[in-house]
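Chemist: The following block contains the structure, expressed as structure tokens.
Put into structure tokens, the structure is as follows:
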């Protein structure tokens with residue numbers, strides 16, 4: 021890969037990190053690991069941390085880190101949930117490619133090494149596929165298998181893992197996809213809290229597929245860190261199914277303008 025001239029305002033990679041009540045993770049050193057990986061790369065980059073109205077010291081810690089480390093920027097966003105926050109980051113990003121990754125680094129930043137060959141092969145979108153998922157409960161795994169079955173039938177998405185929080189987009193494809201978002205892009209109201217329901221990823225990939233963009237799925241490492249939202253099988257399953265149907269209904273009504 022050819023290194024981009026540092027005087028160019030367009031970095032090769034923008035990393036978008038949504039943050040909601042991430043004080044513990046920041047203190048755990050997740051931003052240090054992101055920075056350590058990026059400073060060793062032969063391409064230019066920027067990191068955008070978007071605080072989703074955190075109630076703890078997330079924004080103070082993130083701002084403190086950004087003042088000491090070049091390439092990091094922090095933005096304070098109104099609380100609207102992870103989906104809306106990621107979209108805001110995508111709109112601010114200047115990179116040729118834009119990666120969004122979770123603050124807890126369940127998929128470590130160094131897994132981007134596996135994405136690089138795909139960018140050079142001309143793929144518009146590269147998505148992580150979690151292998152093994154060590155530490156994940158039996159309930160979560162069972163729900164995941166059921167969800168795969170439903171999304172395959174309802175949306176015809178051929179991917180093994182649509183929900184991994186490690187996805188890369190060319191800036192052009194990001195503009196095409198996120199400008200068409202309906203469930204999350206225009207409402208930007210729902211899904212309070214740090215988590216995001218299934219609809220955000222589903223809608224993103226459904227639009228990418230309908231646009232006939234080149235999408236690659238790459239196996240990545242994934243680790244369970246810290247406390248996770250308590251699983252409510254009935255409620256969570258219903259929300260996932262509801263999101264599937266919202267995307268399908270929008271498609272039938274022609275709202276995606278594809």
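In this note's numbering, the protein residues as written are 21 to 278.
Glycine is no exception: its CB is placed at the ideal position from the N, C-alpha and C atoms.
Out of 201, 148, 158, point me to the one whose CA is closest to residue 180's CA.
Modeler: Translated into positions along the chain shown, residue 180 becomes position 160. The shortest C-alpha separation from residue 180 is found at 148.
Chemist: If you draw a straight line from the alpha carbon of residue 144 to that of residue 191, how long is it in whole angstroms?
Modeler: Translated into positions along the chain shown, residue 144 becomes position 124. Translated into positions along the chain shown, residue 191 becomes position 171. Distance between the alpha carbons of residue 144 and residue 191: 9 Å.
Chemist: For residue 228, which residues from the same chain have a beta carbon less than 6 Å from its beta carbon, with the 5 sequence-adjacent residues on both sides left out?
Modeler: In the chain shown, the residue the question calls residue 228 occupies position 208. Cβ neighbours of residue 228 beyond the five flanking positions: 145, 197, 235.
Chemist: Which one or two residues does DSSP pair with residue 187 in a beta bridge?
Modeler: Sequence index remark: in the chain shown, residue 187 carries index 167 (1-based). DSSP output for residue 187 lists 120, 147 as bridge partner(s).
Chemist: Pop quiz: residue 119 and residue 36 are said to be a contact at Cβ under 8 Å. What is the actual Cβ separation, rounded to whole angstroms?
Modeler: Translated into the one-based positions of the chain shown, residue 119 becomes position 99. Translated into the one-based positions of the chain shown, residue 36 becomes position 16. Between residue 36 and residue 119 the Cβ distance is about 7 Å, and since that is below 8 Å, they are a contact.
Chemist: What are the start and end residues of each continuous alpha helix (DSSP H) run of 4 or more residues lying completely inside the stretch 60–144, in chain order?
Modeler: Here the runs fully enclosed are 78–88, 102–112, 136–140.
Chemist: Give a yes or no on whether the C-beta atoms belonging to residue 96 and residue 79 are separated by under 9 Å.
Modeler: Position 76 of the chain shown, counted from the start, is the residue given in the question as residue 96. Position 59 of the chain shown, counted from the start, is the residue given in the question as residue 79. Cβ distance < 9 Å, so residue 96 and residue 79 count as in contact.
Chemist: Starting from residue 43, trace the alpha helix (DSSP H) both ways and give me its first and last residue.
Modeler: Locating residue 43 in the chain shown gives position 23, counting from the first residue. Taken as a continuous stretch (DSSP letters only), the alpha helix (DSSP H) holding residue 43 covers 43–47.
Chemist: Which class does residue 53 belong to by DSSP, given the choice of helix, strand or coil?
Modeler: One-based indexing of the chain shown puts residue 53 at position 33. Residue 53: helix per DSSP, three-state reduction.
Chemist: Go ahead and label residue 242 buried or exposed: buried means 16 or more other beta carbons lie within 10 angstroms of its beta carbon, across all protein chains shown.
Modeler: Indexing the chain shown from 1 puts residue 242 at position 222. The residue is buried, with at least 16 neighbouring Cβ atoms inside 10 Å.
Chemist: Less than 9 Å between the C-beta atoms of residue 104 and residue 186, yes or no?
Modeler: Numbered from 1 along the chain shown, position 84 holds the residue referred to as residue 104. Numbered from 1 along the chain shown, position 166 holds the residue referred to as residue 186. Not in contact: residue 104 and residue 186 (Cβ atoms no closer than 9 Å).
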